[in-house]
Amino acid sequence: MTPPAQAAAEREALAPMPLIAGHPTDAQLNTELLAPIFSPNETWKKLVGLAAMGSGMLVIGLTVTIARGIGMWGNNQPVGWAYDIINFVWWIGIGHAGTLISAILLLFQQKWRTSINRFAEAMTIFAVMQAAMFPLVHTGRPWFAIYWLFPYPNTMGIWPNFKSPLIWDVFAVSTYFTISLLFWYLGLIPDLATLRDTATKRTQRIAYGIFALGWKGSSRHWQHYRIGYLILAGISTPLVLSVHSIVSFDFAVSQLPGWHTTIFPPYFVAGAVFGGFAMVLTLIIPARKVFRFNNVITDRHLENMAKVMLVTSMIVSYGYLMENFMAWYSANPYESYLFFVTRPFGHYAAIYWIMLFCNVIVPQTFWWKKARTSVAWLWIASILVGIGMWAERFVIIVISLYRDFLPSSWGLYAPTWVDWFIFGGTISFFSLLFLLFLRFVPSVALAEVKELNHEMQHEKAHAAGGHP
Amino acid sequence: MSAERVVLGKYPSVDALYGAARALQASGHSALDFYSPYPLPGSDEVLKLRRSPVPFVAGAAALVGVVSGVLMQWWMNDVDYAINVANRSVVPSPTWMPVTFELGVLLAGTSIFFGLMALFRFPRPYDPLFEVEAFRSATIDALWLSVAVKAEQVSTVSDELRRLGAAEVELVPEEA
Amino acid sequence: MKSLPVIQDHAEPRPPGHRSLWQSVEELEARAAAGRGEFAAGAAEVPPELSRRSFMQILGASAALGGLTACQPPREKIVPFVHEPVENRPGKRFHYATALSLDGYATGLLVGSADGRPVKVEGNPAHPTSQGASSTWDQGALLDLYDPERAKGYWRAGNALSWRGLLAEIQKLAREHEADGGAHLAFLLAPDASPTQAELRRGLQARFPKARIHVWAPVTEENATEGARIAFGRPLELRVSLDPARAILSLDSDFLSGQGESLRLTREFARHREPGAEMSRLYVAEPAMSLTGVNADHRFRMKGAEVAPFARAVAAQLGVVPGAPVLSPELTRAAKAVAADLAAHRGRSVVLAGLRQPPAVHALVHAMNAALGNVGVTVRHGRPVLGDAAPSSAALPALAREIEGGKLDTLVITAWNPVHAAPAGLDLGALLARIPNALYLSLREDETSRRCSWRLASSHPFESWGDARSRDGVASLVQPLIAPLYESTTAIDLLAAFLDAGDRGALRHVKAHWAARSALDPATFEAHWEGWLRQGVIPGTAEPAEAAPVDLAAVASALGRLPGAKGEGLELALAPSYGLFDGRFAGNAWLQELPDPITKVSWDNAAYLSEATAKRLGVEGGQVVTLALGSRSVQAPVMVMPGHADDAVTLSIGYGRTDGSAVSKGVGVDAYRLREAGAWFAPGLTVTAGKGKHKFAVAQGHFSMEGRPLALDFSTKEWATDAGRAELEHLHGLPATAQVPVDYSKQEYSWGMSVDLSRCTGCNACVIACQEENNIATVGKEQVAKGRIMHWIRTDRYFSGPVANPQTITQPVMCQHCETAPCEYVCPVNATVHSEEGLNEMVYNRCVGTRYCSNNCPYKVRRFNFLAWRPEVPDVETLLFNPDVTVRSRGVMEKCTYCVQRIEGARIDARTGGKKIGQVQSACQQACPAQAIVFGNLNDPQSRVKKLHDDERRYDLLHELGTRPRTAYLVKIRNPNPDLA
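Chains F, C and L, in that order, are what the protein sequence lines are. Just add 345 to wherever you are in the first sequence, counting from 1, and you've got my numbering. Just add 154 to wherever you are in the second sequence, counting from 1, and you've got my numbering. Just add 168 to wherever you are in the third sequence, counting from 1, and you've got my numbering.
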């Protein structure tokens, strides 16, 4: 090897793994990334069938709930909230990573974002759809809740109570869903136009043409578009933080030991990012395999996500630690009992320990590069973290409720088949939406990847020119 | 008066595109536009575009959201239907903050999206440009330049575009 | 004066066997079938927990359709209570005085009637036994009245009879039996002190001299009667007054239980539980924890058979009888201390024996009371009120012998369900089937009616005329509140029918009896009669006290004959249930669902045993075991009861019904299958552990306070020091808060409540009173087990100290109406807000059911309608509803309102009268025999509640949370004997 070649090789080894593998042209990228849309996949069909069947559970679960009442669930006195709110918080937490990845990484100009942001945003929207269902159906009378929670003028002359965190929830979740949807759609418009122009069938051209709204890639449009997209990303960032803070207020504002905690907002946000990244990994690893996206979703992306999970896991762990510390330091007998008796040794202790294992121990493996780059382990770990985050919400909600102040009112909780149907149903319905997304919408932000590709080739050319 | 026609030229690189645009501007053509699959850095300067109004729209909308949020909560809970809720009647209440913030973001966000739609005059599912089959590559991998000219200038401008390095030149058909 | 309001006034009574009855049942079957398809679309199957309810709806509706058409129009007038205005206004509540008897002894009641239907039972303040209070059973009677599954009409061998037809048939029967002097005729009557019935019985004896009249009930006081016979030579009844008593020894006597005179005794007992010189001290010796036991200052646990030796030991210490038995050192020390305390309070003490104890113990108690100089102060003696109608457990075996001897053609049964409650081994059902004419008068169809050839529906006491006497002899008139809902008759009418006087109507019999007895001229009598009806009591009818010297020798010899307590082996102890008594309330969903005051088990009984015994037997809670006595056995689930005596198993009677209404059937274990006639304790029980696991529906699963300051108690000694009061200082007063407190002092009214834990005995009367007043749904066993019981007020019960014999405290908890209510600010739709008078209001119409309020309520007093507990209420059950209280739908949160409807009712009255609201009683307060609950206006410095809020014993529950509750608790003071510390 000649010395310059050797130096180049060494440089190559030190440099991070590439964000886009190979040197594809725009046309190649186009063909590669739109392949799932134009060439049907058998695995996809089977998965859709499965997810559709699973979504049937959701329909059954919701029908039974609305026809018969919340009593079909396991909720009781004292456990007024259980799977309904666990699932709500879990899904909304998952729904946070998407916007965070997309918006925050955009603001920080993290280039690796482009390959995964579309996935993440879609995941946000579908997860928020699952989440938004629960605040409504968990009420005893959803047919009233659907509009009494909004401030509309009525003959009773009564207004919602703006002191209630549940009202904040309504505003936060609906705002979050609206903004996420607009953000996602705005990002999608150029790609839909690309699809319209790539498609050869007339029906596809018309369909995608309608959704592309008339995008032509005009530089006069790009000018407004980029600024608008950036501002939208800018306001989405505090929005994400606010939404999960507000979700945490549902608990933090109350009196209940285990809920009444000032650390909740940051700890919930970190938990959301943590759980959300885990969900992105869980989805993206099989998707990139099935649709052969390895060129644009490279191991470096996966590794970066593992790093984010490691950091957020440690924030979450710190939250656990501080909760316990405050319970001990405050010497509040009710809190002490919850944190030192009920959680570690109570009836649901197993779930508490699962939470600690999945959320605290498992991510510690990401200190090792081997763990960060092992796709199989990443996938397993991401699923474990998903379970851990669900367990965390169970710990917060059910374990705090089932033993509160008066021991006379303590009572156990057990989910019913309807609870499981709805939980399983939301996972299926989420999967169904996600599969449809993969099939019909560019799942990687095409325009942005092309832009990145262009920039990287430009840089390379520049570097090559600078050091001949 | 003869109608305006749009002539399109496809260029292999950004530099060629910008060069062509500058040459056309020098020869008195100002109704120029570029079409590309991704935003082109520097295109604003080349096309001499004014600053986008989008940030002002968003800011104003956010302000409206915040003010209306505060007024709504104060009026609804402390004026129109004042009621003792758990002895918590502090004006202004810190409990107003979440809803106020969310309303600000909601209005800002929606105003950006719908503001853009208004600026683009979207939705516009049909455009005579789409009649040019080759122009489809504008959203895939090609760079196009458009220039609006008088009908009688079409052929001279077409030649000019080719001379400036256009790989392809197309005339956009007249709107039916 | 007004005529009786009716539901439906038919010009002509329809014959009960009218065809429409059957038509409606078929219609209902069709409707039920149609209804079942309703949920088929979404839910593949109707979950099993709902099946019982749907079954009840179907049955209920059948009753409503079939029954209402058959009621007899009333022709008599009834008279409202003395203080009520006479004009009738729609929506206005009238109270009528009447009386309810339990095993023959009456409690005077005032029944509130709204628009012609009784909707609320209260105690009659003018009646000596109730003094305005009422028991769970008195309250529960109302649900029995409107039970859609009540027996209807008269049936002979499956054929319906009209009332006239029935009378004709009975007349024919009576003529036949008259011929041989009634040699083939017998009666099995329920104990009843009714003077009119006594007269009828005399008439029957005159007409049928050879007929046998048996009186029977599962729970009898024949041991007490026999004990009095030993001590005094004649059956005198003990009449207790606890007011002067400073030292009380209960030998297995559950005098706070709800039976007999417990309302008065509870009031007198509670009155002396406040700290001070007047405070009494209660010792209880018993096997299982009873209501009386949990209120004891010292509770000595021992097997049932060990109570007698303990009593002898105390008596020996007092020098009443010689010869102290050998007891454990602990019990010897106890007996010594108790005797010393009793002796120290000579003339102000009382010793009581329970009905389960053998006659010798009762005799000994008489001797002890005499020796302690209590006679004439805390105890008096009088002639038994029941007289010849006292129940005897020997009645059923005697009857069985008569039937087996073929001596019976006709048997008239008014006693409650003898087939079910018959002694073990006596198959009365098979025997009854052999009698050609077995006439059974019952409120509900049950095991006995299935075996009897004649089934006659009994009217509910609230539909009947009659008379009754309380335990002290005071007579009351029983007047109906409503025309019979179904074709039915009364015991008086039935007995009169055998005297060819069945068509006269009960009223005339009662009136004739009292006219003759009063010996007044008709005009004066009429005025008196109306006065008695208004007042609810007939003056001058109390039994006078009789002096009776105790025959000590007879007592000693009876004691000598007592079998010695076997040290070894398990003892089975049976006990009446606090909910169902002897089983007669098994059809009453309120009483079934009412948690047992000690174990908090709902919809079940269980084999209670101590922790040590459970360990020794190798069984654990919920495990199904076989309890065997000789050849007889039952399967029962085990429950470990703290404070239960070792080597003993307690099982309450009244459960395990195999027939009857849907509510009663299949709930719990039938303890009668192990019971010898009249026996309560049996040695030689074997317990075999089984494999099955039983799921109890327990309303309170956790029995420890976990060291939290919730239900506070102090001993008199602790209370006398400043340390006790110092502890309370942190538990009341204004908490630190960032909020500026709303000033309620300028309001005219500011409602508040106080609960005195020293007074509360945990009897649960408040729970049922609240359920009745506020239209609270029952949810069934499965839902109770799921933690969805709906009671707005609950009596929390905590144990402290050793599990073997813990101290117990009961604490009624209802909505605390916090001034800074945690529930309110979290409600997104303003469905729970504060009133200007300080009430935490629940706006059902606005509620969407997020349940956040319940989660944030530290007292967990909010109740959520998880399902439609009453999707379709049978028409007859709608009559039960208090028209002043909303019936909540599913998906809505509900909770205690401080009986806001009563406040508003009083406000309307006050406004129309141009006055201030005077006294308002909440339903729980009104029922409470202990007067532990006080409600009123905190802005009135004279009000009792205000004084109690300022009492030095006052504290706030969970005060440190800063909720500022409007309900104040007063700490319980215990009065332990320093010698036993």
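Think of the CB as a built atom: it goes at the ideal place given N, C-alpha and C, for glycine as much as any other residue. Because the structure is a prediction, the values reported are computed rather than measured.
query                                                                                                                                        : result
Chain L contact residues for residue 750 of chain F, given Cβ-Cβ distances below 7 Å                                                         : 1026, 1126
Contact list for residue 245 of chain C against chain L, beta-carbon separation under 7 Å                                                    : In chain order: nothing, as chain L lies at least about 12 Å away.
Contact set between residue 990 of chain L and chain C, taken where Cβ atoms lie within less than 8 Å                                        : 240
Sequence-distant residues of its chain with Cβ nearer than 7 Å to residue 435 of chain L (five each side left out)                           : 299, 301, 1097, 1098, 1099
Cut-off 6 Å between Cβ atoms - residues of its own chain near residue 265 of chain L, not counting five sequence neighbours on either side   : 249, 278, 292, 704
Residue 485 of chain F at chain L interface by Cβ criterion, 8 Å                                                                             : yes
Environment of residue 755 of chain L [buried if 16+ CB atoms lie within 10 Å]                                                               : buried
Enclosing beta strand (DSSP E) for residue 590 of chain F [first to last residue]                                                            : No beta strand (DSSP E) holds residue 590 of chain F; the alpha helix (DSSP H) holding it covers 564-597.
Coarse secondary structure for residue 1100 of chain L, derived from DSSP in three states                                                    : coil
Amino acids of chain F, ordered along the chain, whose beta-carbon sits closer than 7 Å to that of residue 954 of chain L                    : 421
For residue 818 of chain L, the first and last residue of its enclosing beta strand (DSSP E)                                                 : 816-820
Span of the beta strand (DSSP E) around residue 776 of chain L                                                                               : 775-777
Span of the alpha helix (DSSP H), counted from its first residue to its last, around residue 951 of chain L                                  : 949-953
Three-state class that DSSP yields for residue 549 of chain L in the structure shown                                                         : strand
Neighbourhood of residue 990 of chain L by C-beta, 7 Å cutoff - its chain only, sequence neighbours within 5 removed                         : 1024, 1025, 1026, 1131
Cutoff 8 Å: residue 969 of chain L Cβ touching any chain B Cβ                                                                                : No chain B is present in this structure, whose protein chains are F, C and L.
Minimum Cβ-Cβ distance from residue 210 of chain C to chain F less than 8 Å                                                                  : no
Cβ-based burial, residue 889 of chain L [other Cβ within 10 Å; buried from 16]                                                               : exposed
For residue 1139 of chain L and residue 921 of chain L, believed in contact at Cβ under 8 Å, the rounded distance                            : Wrong, their Cβ atoms sit about 16 Å apart, outside the cutoff.
Selection of the segment 601-622 of chain F by Cβ proximity to chain C, strictly under 8 Å                                                   : none
Span separating the alpha-carbon of residue 97 of chain C from that of residue 308 of chain C                                                : One cannot answer for residue 97 of chain C here, as it falls past the ends of chain C, which runs 155 to 330.
Chain-order list of residues whose beta-carbon lies under 7 Å from that of residue 790 of chain F (same chain, five-residue window excluded) : 459, 462, 463, 532, 536
Check whether residue 350 of chain C and residue 318 of chain C have beta carbons under 8 Å apart                                            : Residue 350 of chain C is absent from the structure shown; chain C starts at 155 and stops at 330.
Contact list for the segment 442-464 of chain F against chain C, Cβ threshold 8 Å                                                            : none
Beta carbon of residue 249 of chain C nearer than 8 Å to that of residue 782 of chain F                                                      : no
Residue 468 of chain L beta carbon less than 8 Å from that of residue 453 of chain L                                                         : yes
8 Å Cβ cutoff met for residue 571 of chain L and residue 602 of chain L                                                                      : yes
Coil, strand or helix - residue 677 of chain L by DSSP                                                                                       : helix
Rounded C-alpha distance that separates residue 1003 of chain L from residue 1009 of chain L                                                 : 7 Å
Identity of the residue in L/399, L/272, L/288 nearest residue 1047 of chain L by Cα                                                         : L/288
Below-8 Å beta-carbon distance, residue 768 of chain F vs any chain L residue                                                                : no
Min CB distance residue 493 of chain F to chain L below 8 Å                                                                                  : yes
Contact check, residue 745 of chain F vs residue 616 of chain F, beta carbons under 8 Å                                                      : no
Residue 381 of chain L - partner residues in DSSP beta bridges                                                                               : L/355
In chain order, each beta strand (DSSP E) run of at least 3 residues that lies wholly inside the segment 449-522 of chain L                  : 449-454, 466-469, 517-521
Residue 297 of chain F classed as buried or exposed, judged by whether at least 16 other C-beta atoms fall within 10 angstroms               : For chain F, the structure presents residues 346 to 813; residue 297 of chain F sits outside this window and is missing.
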